[in-house]
Each structure stands twice: as C-alpha cells, then as structure tokens.
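Following: one structure in structure tokens, then a few remarks.
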Amino acid sequence: MVSFRSAPIQPAHSSGIYIDRGVFVALSVIGVWAASLIILLTADVDSMPMVVKIIAIALQTFLYTGLFITAHDAMHGAVSPSNRKLNDFIGALALRVYALFTLKEMIRTHWQHHEHPASESDPDFHNGKNKNFFSWYSYFMVRYWSWTRIICLVAMFHVMHRLFHVSEVNLTLFWMIPSIASSVQLFFFGTFLPHREPAGGYQNESRAQSSNWSPLWSFLTCYHFGYHSEHHERPDLAWWQLPELHQRRLQQER
Numbered sequence: 236m237v238s239f240r241s242a243p244i245q246p247a248h249s250s251g252i253y254i255d256r257g258v259f260v261a262l263s264v265i266g267v268w269a270a271s272l273i274i275l276l277t278a279d280v281d282s283m284p285m286v287v288k289i290i291a292i293a294l295q296t297f298l299y300t301g302l303f304i305t306a307h308d309a310m311h312g313a314v315s316p317s318n319r320k321l322n323d324f325i326g327a328l329a330l331r332v333y334a335l336f337t338l339k340e341m342i343r344t345h346w347q348h349h350e351h352p353a354s355e356s357d358p359d360f361h362n363g364k365n366k367n368f369f370s371w372y373s374y375f376m377v378r379y380w381s382w383t384r385i386i387c388l389v390a391m392f393h394v395m396h397r398l399f400h401v402s403e404v405n406l407t408l409f410w411m412i413p414s415i416a417s418s419v420q421l422f423f424f425g426t427f428l429p430h431r432e433p434a435g436g437y438q439n440e441s442r443a444q445s446s447n448w449s450p451l452w453s454f455l456t457c458y459h460f461g462y463h464s465e466h467h468e469r470p471d472l473a474w475w476q477l478p479e480l481h482q483r484r485l486q487q488e489r
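In the numbering used here, the protein residues as written are 236 to 489.
As structure tokens, this is what we get:
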C-alpha cells in the first residue's frame, strides 16, 4: 500500500491561512446554498424555460452535496482545527439544514465507517446481499433515516407552503428533489464507487479506491470525495486539500 504520510502536505492545523480558508470555504458553501434556495423558492417557475429549471435543480443539488461535505469535514475537525467549538457549530448547522441530522449522531456512525471500512461493522456498507447500486443505496438510506426526521421534514414543507406562501412546485423542484438527488450523488461517488469490492479484492487497509479524474471533474462530481483512499489516509484534511495529496500519490506510483 502506498503511504501518503511519507510526503505529507501541510497539515490543516498548523497554518493560519489553512484555518481561515477552511472556515471561509465552509461558510461560503452554506451561504451560497441559502441564497440560492431563497432565490429559487421565490422565483416564478411558470416563466422559467425548462432548461433553466434543470440547471437550477442541478445547481441546488450540487450545493446540497456541499452542505454534507462541509459537515463531513467538521466530523474530522477539518473545518476549523484550532477552534473545536466553531468547527462543531458549522458542522452541526450544515447537517441541520441538509436534512435535520445531528452532528453527534453522524460522528458516531462515520467513525465506525473509518474504523471498519467495507465490512459488516461499517454502517455505510451493504449487508452482503444487496451489492448492486440500487439495493445498496436503499439499504444505506434505510439505515440513516428515521420516521421522526421524515415527519419533521414533511411538516416543514407544509409550514413553508401555508405560513410563508411558498409554492409547492418551488418547494418540490428546488428543495425536495435536490436534497434527495444529493444523497444519490454522495452515495454513488462517496460510497459505492470507492468501497465496492474490485475484481482482484481490496488492495489497502481502507478498502477504498480513488478515482483518477482531473481536479475539475473530481470537484464537480462530489467535491473531491472520489479521492477516497487519500481521505481515509488523511481524514484530517479538508475536501479542497485532497487534490494535492492525490497528485502526490500519483507521483509516488510512477
């Protein structure tokens, strides 16, 4: 197994610029998501061309994915390594607005994933039977969702519609569909592709594979979550630091 620690990039916790950038990036993602959602929920959908609606849904899906990636970084203390309270506040906020998850709950399950990747003890892994994409995704979602959360989200939908007079069409197109689509995006690029067992079996301790996409495509697909072996090797690094580590890995393998 290639060890990336032999030539590590600058740790996130040792440079003030990295700390500032981590908080700035995290708050930017949350802020752009919030601004975009407000604009789209108040937009006149009837006057929108179909192509604009599709682009808006895709953009909002990408921003929803960014919310979870931000929270994921916070689970590892990578948003603000020098300020745990700020780090946890940003992570908790991102999870709440994403789908009413709690940071404490997600930290527990996510660290189980890191301690026992792609195994029976991994809450993100399939049950040994549901290995294809759709079965695994369904199994994955059932393990993370609860009736309480679903009821609360349904209640929020009706409150926004009846009390704040937000159109049901807008809520469906720009709130419901993007949040669900982002879960598919996160699962496909962050769990299914990296952790499905390759033909020759797993090749490293993290039982993960990385994509070899360019940094641009890696960012657009899932905020560099495809560089998954690198993430398991250095979970203290934020998503935007992974491309540099990936490039070092490629240089070591040449």
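Where is the CB? At the ideal position from N, CA and C, for every residue including glycine.
Please report how far the alpha carbon of residue i lies from the alpha carbon of residue j, in whole angstroms.
i: I207; j: S414; result: In the structure as shown, the chain starts at 236 and stops at 489, and residue 207 therefore has no counterpart that could be examined.
i: R442; j: K364; result: 18 Å
i: Q347; j: S417; result: 22 Å
i: I252; j: P316; result: Because the pLDDT of I252 is 45, which lies under 50, any placement of that residue in the model is unreliable, and the number read from its coordinates should be weighed accordingly. Answer to the nearest angstrom: the Cα atoms are 12 Å apart.
i: M391; j: H459; result: 31 Å
i: P246; j: L480; result: The predicted position of P246 is uncertain, since its pLDDT is 39 and thus under 50; a value taken from the coordinates is nonetheless stated next. P246 and L480: Cα-Cα distance of roughly 11 Å.
i: A278; j: T300; result: 22 Å
i: H463; j: V287; result: 33 Å
i: T337; j: F409; result: 23 Å
i: Q295; j: S271; result: 7 Å
i: D359; j: H351; result: 10 Å
i: L455; j: Q420; result: 11 Å
i: S263; j: N322; result: 14 Å
DSSP on residue i, reduced to helix/strand/coil?
i: P429; result: helix
i: G435; result: coil
i: R484; result: helix
i: A440; result: According to the sequence shown, residue 440 is Glu rather than Ala. It is coil, neither helix nor strand.
i: S271; result: helix
i: G266; result: helix
i: P284; result: coil
i: H307; result: helix
i: Y299; result: helix
i: G312; result: coil
i: S414; result: helix
Give me the Cβ distance between residue i and residue j, rounded to the nearest whole Å; I'm assuming they're in contact under 8 Å.
i: F422; j: Y379; result: Rounded, the Cβ-Cβ distance is 10 Å, inconsistent with contact.
i: L276; j: V401; result: 5 Å
i: G461; j: S446; result: 4 Å
*Segments assigned alpha helix (DSSP H), at least 4 residues, entirely inside the region 314-401*: 319-334, 338-350, 368-379 and 382-397
*alpha helix (DSSP H) segments (min. 4 residues) lying fully within the region 460-484*: 463-468
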